[in-house]
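Numbering (the working numbering), first residue to last: 23 to 1056. C-beta: ideal position from N, C-alpha, C; glycine also.
Here is the structure:
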């Protein structure tokens, strides 16, 4: 027995338990032993086996559906059966059928979208010289496969980079879909494989690659590469040698070996599992249902107390519970309503391309209090453009850039030396504007780490350094230049210098070539290069003009560090402040002319510092800083990261709607702050508190206190500081952050984004929406109550994982304020009518039972009960999905109307108890009226009361409609016609002769008027003396 138990446990662990992650050794060009997951992404919630059990579980965890299942099952017991089986099983099966169909369609759509990504075409290398590669779908890739990834292609699996089309073995990749960072990343091929003559030789060498076990951290990797043939070498591998899934090759071509696939890739490991989301309105209806159930039990027990505990009283008790079970609303109208809202969102002509992935939660869009947005690709286009250039004496922007072009052409066409120089020594007199412009543009063209590559129509890339100048000129005119750099800001500056006439023509590690406006090629030797780091916040370069022999030191960086380095800074702070307020990313550019003696002295000290074994970093920085003194301030640049269309307007509308907006990005603090300002996420009147880097509990405490003292101030915090604050002061931090007008979290990992969403949900209990366009946003989107994916330029992963998919950020305002409002208001109205419909007939049943000696006999038999909830009242009640309180134009013009929705007043305990009172009043009037007015037979009670009931329900729907639609009128008359036909056909339920008499007509009319007229009068008075806010605008 014990042996069988352990066997079952082992089988369960192998099939259902978490898979053990293992490191792997890959023999290059050979099959890799071991079991590894398929290289497929999966956003589906179900599979063939789990579909039916999980859908049924999701339905029966709602109390009302479980209640109806128990009630329907009880009808198989003859002693407590009331009427026919179909009166209970019919509606329940119909609801389940609709739900199963809807979930099946949703999941099939997810499967179809997953297939699109999994069937991405890839080039897999073959050990065959006649057929070097084959085209395969991404899901067929296995660990150990050698694949080629071309320019602008998504990397389909985690790779170690073996070869690139660049002779240097480098390739630039875009990782914004993985970590949200806009900077391009430089990746290096394994030196031993880059040296090979061609890709086919990868199959001929004997080499082994070790890769650590899969893990979440996208910023680290540990591996080794070993050759075991005649070239016996071991090389360590780190992050620079990898290409993670969802990165995009920025230029050239890359060849790599697959090391992780599918769920073991870094991208998927940072995503959370898709979950079944339940709307707040569904939870509220479920709570009300439990109250109604208590009312049913209480009413049934009261009947038994009045009847007396004689005989099989418990059987009578259960029969009464069954009789009053119509108090509990059935969900069919609500579920069909959700499907209609989802369909109408997808068909909105103002939001073409919008898709609803999850049709169970459209009304959630009307209750959002917190919106969490990604930055790159969501708010911005990740396209940098130089917007402003300030020289101290003047500012150039937009149209005035043509003046720069003209001035530059004049400066380079004029012969002779530069007017500010005499044998390399700067003059003291005031420089002319022409010289200022020339020096500034030349500094921007030389001070960077940008490399130009030329690509012909067949997309072959490579350096043209070996060609003569004449050949280079011919080639460049027939090829498209592509600038490569780790920073898009630098690319923007070099692009601008090209536009105004000074082009970066060629660059390698030791030299650079510029093309002047007059066509001359100017050669420079690169003597030293000081790359940008987050600590120094600046980058520098020392170049030598090979024509004049002049040695120039250029430096550019953040204003906070450059202010202490440059001379004559009286205008610096003011202009940097002006640009920052406009949301531009500023760089201060400076220059210093060095004599040969100065440079040789610096080089000697610099090389000595680099050879130091103790405190090397400090010594090198000290030597460089000795050069960074009394530099000449040339200009300030203002670069804009282009925003998506109508982002400012959309954010303003959402903020006016009472939605607090958080920006969660993996990008740098400076970049995130600039975008927060330029997008008006932080309004001009609000302050901005940048949370200092905290490491200890004391640091966190001091920073929290500093922020607590500020009012109406947006918060900017890094992922590391956020982690520390949440570790020690989670409650305090969340109180401050959720009260802030807006929050910016930078350097956030995908897991941290999801954690922030979860904390807001737990701390505030409010509804959250998350919007993003990258693979790094999937966890956040899946965690939010309403996940909204934008179909980005680099991939569809966020769009596929979202509950809703939109083509651009600006559609968000209409999605929430128009469709969210409609869905919530309509669902609330529909819920109330479904509850009212059950309560009124249950009240009539209670009156009937109490008058007729507390008998547990149904008032209406068979088809009348089924027909009441379906054919007679379903169409008018369901037509409420077409109702609207305000037009879309008013909802967008007055976003403040949205604030009331978050309070949930459309369906609350207050409105519920009002409808309970209305139902009791109307049910009592109809039943007592029918009992008082009938004269001969019992069948006349049925005819009078049931006709009055149907008319009352139709009139109540009409009284509560705010905007009439032609289909609503049609539904009312169609239901009335159907009932009229039933009166003629159903002889078993109605006396055909009696219903033709005037006696029947006046009794029904009188009862209906008494039940509806007082409510109409109350509604009229309320509308006149206390109208809702929206009626004043309509």
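Taking C-beta separations shorter than 7 Å and ignoring five residues to either side along the sequence, the partners of residue 317 in its chain run 349, following chain order. According to the DSSP secondary-structure assignment, residue 50 is paired through a beta bridge with no residue. In the DSSP annotation of this structure, the continuous segment of the alpha helix (DSSP H) that includes residue 724 starts and ends at 719-730. Annotated three-state conformation of residue 277 is strand, per DSSP. Bridge pairing for residue 248: 230 and 256 [DSSP].
Within the stretch 823-893, the complete alpha helix (DSSP H) segments at least 4 residues long are 833-836, 843-873 and 885-891, listed from N- to C-terminus.
DSSP places residue 243 in the coil class of the three-state scheme, outside both helix and strand.
Less than 9 Å divides the Cβ of residue 354 from the Cβ of residue 116. When DSSP states are grouped into helix, strand and coil, residue 266 belongs to the coil group. Within the stretch 742-770, the complete alpha helix (DSSP H) segments of 4 residues or longer fall at 752-761, listed in chain order. Taking a contact as a CB-CB distance under 8 Å, the pair residue 65 and residue 132 counts as one, their CB atoms being some 5 Å apart. Inclusion of residue 61 and residue 162 in the CB contact set at 9 Å is warranted, their separation being smaller than that value. In this structure, the CA atom of residue 601 is about 10 Å from the CA atom of residue 609. Under the DSSP assignment, residue 111 falls in the alpha helix (DSSP H) whose first and last residues are 108-140.
Residue pairing of residue 684 in beta bridges, as defined by DSSP: 394 and 765. Contact between the stretch 643-661 and the stretch 459-467 is present: three or more C-beta pairs spanning the two stretches fall below 8 Å.
Each residue's CA atom was taken as its position, placing residue 179 and residue 729 some 43 Å apart.
The beta carbons of residue 231 and residue 243 sit no closer together than 9 Å. Around residue 215, the same chain offers 184, 185 and 224 as residues with beta carbons nearer than 7 Å, after the five sequence neighbours per side are excluded.
In the three-state DSSP reduction, residue 1053 falls in the helix class (H, G or I). If the five residues before and after residue 582 are omitted, its C-beta is found closer than 6 Å to no C-beta atom of its own chain.
Cα atoms of residue 791 and residue 625: separation of roughly 56 Å, rounded to the nearest angstrom.
The Cβ atoms of residue 339 and residue 323 sit closer than 9 Å to each other. Distance from the CA of residue 773 to the CA of residue 207, rounded to the nearest whole angstrom, comes to 21 Å. Burial state of residue 805 is buried, judged by a 10 Å Cβ sphere holding 16 or more other Cβ atoms. Residue burial is scored here from C-beta neighbours: residue 540 has fewer than 16 other C-beta atoms within 10 angstroms and is therefore classed as exposed. Closest option to residue 177, judged by alpha-carbon separation, among 218, 578, 144 and 515: 144. The beta carbon of residue 301 is closer than 6 Å to those of 383, 385 and 386 in its chain, skipping five residues each way along the sequence. The C-alpha of residue 409 is placed about 6 Å away from the C-alpha of residue 420. With fewer than 16 other CB atoms across the displayed protein chains lying within 10 angstroms of its CB, residue 911 is exposed.
The closest CA to that of residue 980, considering only 1001, 754, 1044 and 905, is found on 905.
Closest in C-alpha terms to residue 622, from the list 234, 80 and 573, comes 573. In the three-state reduction of the DSSP assignment, residue 794 falls in the strand class, which pools E and B. When the five nearest sequence neighbours on each side are left out, the beta carbons in the same chain lying within less than 6 Å of the beta carbon of residue 645 are those of 627, 628 and 631, in order along the chain. With contacts defined by Cβ atoms closer than 9 Å, residue 139 and residue 826 do not form a contacting pair. Residue 856 has its alpha-carbon roughly 22 Å from the corresponding atom of residue 1031.
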